[in-house]
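Asker:
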Amino acid sequence: MSNDIRIKKGLDIKLIGEAEKAVERAIISNYCTIRPEDFHSVIPKLVAKEGTTVKAGGVLFFDKSKEVVKFVSPVSGKVVEVVRGPKRRIDAIKIEADKTQVFEDYGKCDIEGLSPEEIKAHLLASGCWPFVKQRPYDVIANPEKSPKAIFISGYASAPLAADLDFTLQGKEAELQAAITALGKLTEGKVHVSVGKDANSPLSNLKGITLHKVSGPHPSGNVGTQINRIDPVNKGEVVWTVAPQDLVIIGELLLTGKFNAERIVALVGSAVEKPRYFKTLAGSEVSTIIYDKGLSKKSNARIISGNVLSGKEIRPDGALDYYSNVISIIPEGDDYELFGWNKPVFNKISTSRALTFSWLTPNKKYDLNTNTNGEHRAFVTTGTYEEVFPLDIYPMQILKACMYKDLDEMEALGMYEVAPEDFALTEFVCVSKQPHQKIIREGLDLMLKEIG
Amino acid sequence: MDLKKRLHILKRKYKYKKMAPAFNALHTFLYLPDETTHNGTHIKAADDLKRTMNIVIMAMVPCLLFGMFNAGYQHYIALGEIEAVSGGFFSSEFWTLDNFLVGLVKILPLVIVSYGVGLAIEFLFAVIKKHEVEEGYLVTGMLVPLIVPVDIPLWMLAVAVAFGVVIGKEVFGGTGMNILNPALTIRAFLFFAYPTWMSGDKVWVHGAVERDQAIAAGQNLDAISGETILGSLAQGKEAGYEVMDMFLGFIPGSVGETSTLLIILGGLFLVFTKIGSWRIMLSSVVGAIIMGLIFNQVAASGWITDSSKFYGLMSAPFWEHLIIGGFAFGTVFMATDPVTASQTNKGKWIYGFLVGFISIMIRVFNPAYPEGVMLAILLMNVFAPTIDHYVVQGNVKKRMKRLKVKTA
Chain L
266 MSNDIRIKKG LDIKLIGEAE KAVERAIISN YCTIRPEDFH SVIPKLVAKE GTTVKAGGVL
326 FFDKSKEVVK FVSPVSGKVV EVVRGPKRRI DAIKIEADKT QVFEDYGKCD IEGLSPEEIK
386 AHLLASGCWP FVKQRPYDVI ANPEKSPKAI FISGYASAPL AADLDFTLQG KEAELQAAIT
446 ALGKLTEGKV HVSVGKDANS PLSNLKGITL HKVSGPHPSG NVGTQINRID PVNKGEVVWT
506 VAPQDLVIIG ELLLTGKFNA ERIVALVGSA VEKPRYFKTL AGSEVSTIIY DKGLSKKSNA
566 RIISGNVLSG KEIRPDGALD YYSNVISIIP EGDDYELFGW NKPVFNKIST SRALTFSWLT
626 PNKKYDLNTN TNGEHRAFVT TGTYEEVFPL DIYPMQILKA CMYKDLDEME ALGMYEVAPE
686 DFALTEFVCV SKQPHQKIIR EGLDLMLKEI G
Chain U
2 MDLKKRLHIL KRKYKYKKMA PAFNALHTFL YLPDETTHNG THIKAADDLK RTMNIVIMAM
62 VPCLLFGMFN AGYQHYIALG EIEAVSGGFF SSEFWTLDNF LVGLVKILPL VIVSYGVGLA
122 IEFLFAVIKK HEVEEGYLVT GMLVPLIVPV DIPLWMLAVA VAFGVVIGKE VFGGTGMNIL
182 NPALTIRAFL FFAYPTWMSG DKVWVHGAVE RDQAIAAGQN LDAISGETIL GSLAQGKEAG
242 YEVMDMFLGF IPGSVGETST LLIILGGLFL VFTKIGSWRI MLSSVVGAII MGLIFNQVAA
302 SGWITDSSKF YGLMSAPFWE HLIIGGFAFG TVFMATDPVT ASQTNKGKWI YGFLVGFISI
362 MIRVFNPAYP EGVMLAILLM NVFAPTIDHY VVQGNVKKRM KRLKVKTA
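One line per chain: the protein sequences are L and U, in this order.
Using this note's numbering, you'd call the opening residue of the first sequence number 266 and step up by one each time.
Using this note's numbering, you'd call the opening residue of the second sequence number 2 and step up by one each time.
#1: Tell me, which residues are paired with residue 311 (chain L) by DSSP?
#2: If the cut is a Cβ gap below 7 Å, which residues of chain U does residue 661 (chain L) touch?
#3: How many angstroms separate the CA atom of residue 266 (chain L) from the CA atom of residue 401 (chain L)?
#4: Does the distance from the C-beta atom of residue 244 (chain L) to that of residue 590 (chain L) stay below 7 Å?
#5: If we cut at 7 Å on Cβ distances, does residue 643 (chain L) have a partner in chain U?
#6: Among U:310, U:47, U:29, U:8, whose alpha-carbon lies nearest the alpha-carbon of residue 633 (chain L)?
#7: At what residues does the beta strand (DSSP E) containing residue 298 (chain L) begin and finish?
#8: Short of 7 Å in beta carbon distance, which residues of its chain neighbour residue 83 (chain U), apart from the five on each side in sequence? Order them along the chain.
#9: Whole angstroms is fine: what's the gap from residue 305 (chain U)'s alpha carbon to residue 192 (chain U)'s?
#10: Measure the CB-CB distance between residue 233 (chain U) and residue 240 (chain U) and report whether it falls below 7 Å.
#11: Please confirm whether residue 301 (chain L) has its beta-carbon closer than 7 Å to some beta-carbon of chain U.
#12: According to DSSP, simplified to helix, strand and coil, what is residue 1 (chain U)?
#13: How about residue 559 (chain L): is its C-beta nearer than 7 Å to some C-beta of chain U?
#14: Extract the residue ranges of the alpha helix (DSSP H) inside the region 620-665 of chain L, only unbroken runs of 4 or more that lie entirely within it.
#15: Kindly indicate which three-state DSSP category residue 316 (chain U) falls into: helix, strand or coil?
#16: Applying the criterion that 16 or more other CB atoms from any shown protein chain within 10 Å of the CB defines a buried residue, is residue 49 (chain U) buried or exposed?
#17: List, in order along the chain, the chain U residues whose C-beta lies closer than 8 Å to that of residue 568 (chain L)?
#18: My guess is that residue 648 (chain L) and residue 615 (chain L) are in contact by the Cβ rule of under 8 Å, so how many angstroms apart are they, rounded?
#19: How would you list, in chain order, the residues of chain U whose beta-carbon sits under 7 Å from the beta-carbon of residue 693 (chain L)?
#20: Short of 6 Å in beta carbon distance, which residues of its chain neighbour residue 286 (chain L), apart from the five on each side in sequence? Order them along the chain.
#21: Is it true that the CB of residue 227 (chain U) sits closer than 7 Å to the CB of residue 205 (chain U)?
#22: Which residues in chain L sit within 8 Å of residue 1 (chain U), going by Cβ to Cβ distance?
#23: Pick out whichever of L:524, L:499, L:518, L:543 has its Cα sitting closest to the Cα of residue 405 (chain U).
#24: Helix, strand or coil: how does DSSP classify residue 266 (chain L) here?
#25: Can you tell which of L:494, L:484, L:483, L:443 has the C-alpha that lies nearest to the C-alpha of residue 471 (chain L)?
#26: Mind checking the region 45-71 of chain U against chain L and listing, in chain order, the residues whose C-beta falls within less than 7 Å of any C-beta there?
#27: Which residue comes first and which comes last in the beta strand (DSSP E) that contains residue 456 (chain L)?
#28: Please list, in chain order, all residues of the same chain as residue 466 (chain L) whose beta carbon is under 7 Å from its beta carbon, the five residues on each side excluded.
#29: Checking the sheet assignment: what are the DSSP bridge partners for residue 527 (chain L)?
#30: Does residue 497 (chain L) pass the burial test, meaning 16 or more other C-beta atoms within 10 Å, or should it be called exposed?
#31: Would you say residue 364 (chain U) lies against chain L (beta-carbon separation less than 7 Å)?
#32: If we cut at 7 Å on Cβ distances, does residue 177 (chain U) have a partner in chain L?
#33: May I ask which residues mark the beginning and end of the alpha helix (DSSP H) holding residue 348 (chain U)?
#34: Beta-carbon separation of residue 169 (chain U) and residue 183 (chain U) under 7 Å?
#35: What are the uninterrupted segments assigned as alpha helix (DSSP H) that are 4 or more residues long and contained completely in the region 481-533 of chain L, given in chain order?
#36: Closer than 8 Å by C-beta to residue 302 (chain L): which residues in its own chain qualify, once you throw out the five before and the five after it? Chain order, please.
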């Protein structure tokens, strides 16, 4: 049986500023910032109070509703500030890094000899659990439920994504360790997908079901692959892990150290020399973005993550816990005379409404953050379906989320989707509706009401 | 200080004020706004609703211009002052300044009243309901003058537009929320409220009604009339026009719907730009052809005799139905309205097919008013959500089945 996944519907957004395949070690960041908002729906209960010192891998906080899920520090140092928002919600935890890093020792593991419960307990205690996400709801996996399968996408199709074949080079041992361990936690298969012609370190691992993916974005989104391979039904759970996080899990199992180091791509048209950096999760982005990168005067948007689903951060902000890309693109806060009716050559469009990107399918574009129009009610139909490969009716499910009909949301396939699956429909939306936000709020509602 | 900056300062000033939507509507007409993305995708595709609507208007402009020439042409030909066209589409008898001026004087006021009244109501509702002025009426306002008889009194048009925009659209929540096509709601209102101005053999040619009144007042003049082809056929008469004239549009009818050639060009433009749904257009034509063939078969096999009042229209060749009356215009510009049509791709096939099928059916079975496109589209507008419901249920059932297989 062929395990190939061929996606036809979708859209490759080609942008200027792809990273050159060269890795530099980033300047060591003085501070490390962890923002609980990166862990959706987690209510943090602080362990490391202001002024205490932690080791790298030391517990910072745990989830109030699932106390076994621990969140750890990527660096060793002193907790200098706990930034709080309204109702004393924790917005950020800032750690001043020591000059010499000390690691918490969780002990080497004999993976083959451990039982599934021991592996689970080990990952929970060492702070590796937050890397395991689940569908439905696109949140950190519930450790009490066993998944029917685990999905790992080793193919990045998002615009300006970090090339995983490149960033995972030489990490076979860690990847194998993590997959062997996680494989014990499911009765089903571990599905790993790689690009069709890719030379991925993931292809030769043991204990996996390999899928070769081809086609335009969102073919690399794990949600697209789940929908093709083994869709989530009501009552079922699947887990997803990003390959760069598998490396961290693998290293912990092999060495006993929680090493949140990862290779991050600095990309985008506002970057002078786009390339890769080796850095830690939570590092200040200022350690990366200015050297042959962003000019200080320029009016640009810094995004932790890719341009479709990433988070906007300030120049003094930090890399988020999961991202392996920092994208920088120009801001578009300017007016354009008759911009709504004149022919457009420098922007991407799926229509041909005096937009000419269909003439140059291989051109790379320099897009900015302008919305190209105002927010409107849903009007046009059929545009989303062109870029949405899941077997789900996108506009109908969005509307169901907006009027909060739980039965309908469930029937239309809400258990299968994550916000990022609606990034492309949001990009092409003529009415400029915030699709990912609508889906996220819909999922949150279901999580609260149904659980 | 340049205009851009001045307007920006004004926009700031009007923010959160009552008149903000009205100001913004005008401002965004001039400048694409400086709005940036926040959460979600940081980049957006080039298309917005204004651009989309603008494309539809562009597709209709040739029909409008042709309609202006045709208004004058039908007027003078009914008076017997000029000869009928002889040289195809570019006939010199047709494209004259005299013809155009008659059309301009009659039709430009229709356009102005349609947009004036409609947009005024849109602005009013936007200000009251504190939302931005949505672009839906830009297309409706252009459609309306094209689908009414040329001599329709302006006050009637104004009343109908007000009715159509308020009852057809705003009560449902504005653009994107309406069930019925607003332009057809306006036309249906005219049709039922002022039937003498919407059908018969007097309304389609400029000056015919006036002349009638003059004769009634005792003046010794020849009556002029202009029967539409559908009207002639419904009365069992010959069509009275060459097939080429029907296709090119040198026939009486509503202002902008006569030229099938230009409508097809507009339709192709809409399909090419991916704004109009080719699924609806194609399936509607297929539906009309099938209904036409059925009627032809009925007439040919002698189930009805030529004394029947349906015989004239039933025996008209099936393809003729596609080029006479408002079928082509309705199919290309009205049935494809994304808000009121079916919204799923499968649903569009069914919806379009039924629009075409029922159009011809009503056309033939309604000899009092031999045209069915308007009513067929309005009827299918009502059924479109039901069609979508069943299409979506197919997807839901597939999901349920998957679950059952798993749990069994």
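Note that CB positions come from ideal geometry on N, CA and C, so glycine has one too.
Computed from a predicted model, the values in this text were never measured in an experiment.
Answerer: Reading from the atomic positions:
#1: Taking the first sequence and counting its residues from 1, one reaches residue 311 (chain L) at position 46. The partner list for residue 311 (chain L) (beta bridge, DSSP) reads L:326.
#2: Here residue 661 (chain L) refers to the residue found at position 396 when the first sequence is read from its first residue. Near residue 661 (chain L) (Cβ distances below 7 Å), the residues of chain U are 393.
#3: On the first sequence, position 1 is the one that residue 266 (chain L) refers to. On the first sequence, position 136 is the one that residue 401 (chain L) refers to. Residue placement at residue 266 (chain L) is flagged as unreliable, the pLDDT there being 42, under the threshold of 50; the coordinate-derived value follows with that caveat. Each residue's Cα considered, the two are about 28 Å apart.
#4: Outside the shown range of chain L, which is 266 to 716, sits residue 244 (chain L), and nothing can be said about it.
#5: As a working mapping, residue 643 (chain L) is identified with position 378 in the first sequence. Interface residue, yes.
#6: What you label residue 633 (chain L) is simply residue 368 of the first sequence in a count that begins at 1. In this structure, U:47 is the residue among U:310, U:47, U:29, U:8 with its C-alpha nearest to the C-alpha of residue 633 (chain L).
#7: Taking the first sequence and counting its residues from 1, the one referred to as residue 298 (chain L) is at position 33. Segment 296-299, the beta strand (DSSP E) holding residue 298 (chain L).
#8: Position 82 of the second sequence, counted from the first residue, corresponds to residue 83 (chain U). These residues qualify, in order along the chain: 77, 94.
#9: Taking the first residue of the second sequence as position 1, residue 305 (chain U) is located at position 304. Taking the first residue of the second sequence as position 1, residue 192 (chain U) is located at position 191. Their Cα atoms are separated by approximately 30 Å.
#10: Stepping through the second sequence from its first residue, residue 233 (chain U) is reached at position 232. Stepping through the second sequence from its first residue, residue 240 (chain U) is reached at position 239. A contact, by the Cβ cut-off of 7 Å.
#11: Within the first sequence, numbered from 1, the residue matching residue 301 (chain L) stands at position 36. No, no contact with chain U.
#12: This structure gives no information on residue 1 (chain U), because the portion of chain U shown stretches from 2 to 409.
#13: Here residue 559 (chain L) refers to the residue found at position 294 when the first sequence is read from its first residue. Not an interface residue.
#14: Runs of the alpha helix (DSSP H) inside the region 620-665 of chain L: 648-651.
#15: Within the second sequence, residue 316 (chain U) is the residue found at index 315, counting from 1. Taken through DSSP and simplified to helix, strand or coil, residue 316 (chain U) comes out as helix.
#16: Counted from its first residue, the second sequence places residue 49 (chain U) at position 48. In this structure residue 49 (chain U) is buried. Its beta-carbon is surrounded by 16 or more other beta-carbon atoms within 10 angstroms.
#17: For this step, residue 568 (chain L) is matched to residue 303 along the first sequence. The contacting residues are 43.
#18: The residue given as residue 648 (chain L) occupies position 383 in the first sequence. The residue given as residue 615 (chain L) occupies position 350 in the first sequence. At roughly 7 Å, the Cβ-Cβ gap stays under 8 Å, so residue 648 (chain L) and residue 615 (chain L) are in contact.
#19: On the first sequence, residue 693 (chain L) is found 428 positions in, with the first residue counted as 1. Simply 46.
#20: Indexing the first sequence from 1 puts residue 286 (chain L) at position 21. Apart from the 5 residues on each side of it in sequence, residue 286 (chain L) sits with its Cβ closer than 6 Å to the Cβ of 431 in its chain, given in chain order.
#21: One-based indexing of the second sequence puts residue 205 (chain U) at position 204. One-based indexing of the second sequence puts residue 227 (chain U) at position 226. Inclusion of residue 205 (chain U) and residue 227 (chain U) in the CB contact set at 7 Å is warranted, their separation being smaller than that value.
#22: For chain U, the structure presents residues 2 to 409; residue 1 (chain U) sits outside this window and is missing.
#23: For the purposes of this step, residue 405 (chain U) is taken as the residue at position 404 of the second sequence. It is L:499 whose Cα lies nearest to the Cα of residue 405 (chain U).
#24: For the purposes of this step, residue 266 (chain L) is taken as residue 1 along the first sequence, with counting starting at 1. Confidence in residue 266 (chain L) is poor, its pLDDT being 42 and thus under 50, which makes the residue's placement unreliable; the coordinate value appears in the next sentence. Note: residue 266 (chain L) maps to coil in three-state DSSP.
#25: Here the question's residue 471 (chain L) lines up with position 206 in the first sequence. With distances taken between Cα atoms, residue 471 (chain L) lies closest to L:443.
#26: The residues in question are 45, 46, 47, 48, 49, 50, 51, 52, 53, 55, 56.
#27: Within the first sequence, the letter at position 191 stands for residue 456 (chain L). Boundaries of the beta strand (DSSP E) around residue 456 (chain L): 455-460.
#28: Looking up residue 466 (chain L) in the first sequence gives position 201. Excluding sequence positions up to five before and after residue 466 (chain L), its CB lies within less than 7 Å of the CB of 433, 434, 436, 437, 440, all in the same chain and listed in chain order.
#29: In the first sequence, the residue the question calls residue 527 (chain L) occupies position 262. The secondary-structure analysis by DSSP pairs residue 527 (chain L) across a beta bridge with L:544.
#30: What you label residue 497 (chain L) is simply residue 232 of the first sequence in a count that begins at 1. Counting the other Cβ atoms within 10 Å of the Cβ of residue 497 (chain L) gives 16 or more, which makes it buried.
#31: If you number the second sequence from 1, residue 364 (chain U) lands on position 363. It does not; no Cβ of chain L falls within 7 Å.
#32: Sequence index remark: in the second sequence, residue 177 (chain U) carries index 176 (1-based). Closer than 7 Å: yes.
#33: Numbered from 1 along the second sequence, position 347 holds the residue referred to as residue 348 (chain U). Looking at the DSSP string, the run of the alpha helix (DSSP H) that includes residue 348 (chain U) is 346-366.
#34: In the second sequence, counting from the first residue as 1, residue 169 (chain U) sits at position 168. In the second sequence, counting from the first residue as 1, residue 183 (chain U) sits at position 182. Cβ atoms of residue 169 (chain U) and residue 183 (chain U): closer than 7 Å.
#35: Runs found: 487-494, 508-520.
#36: Walking along the first sequence from the start, residue 302 (chain L) turns up at place 37. The answer, listed in chain order, is 356.
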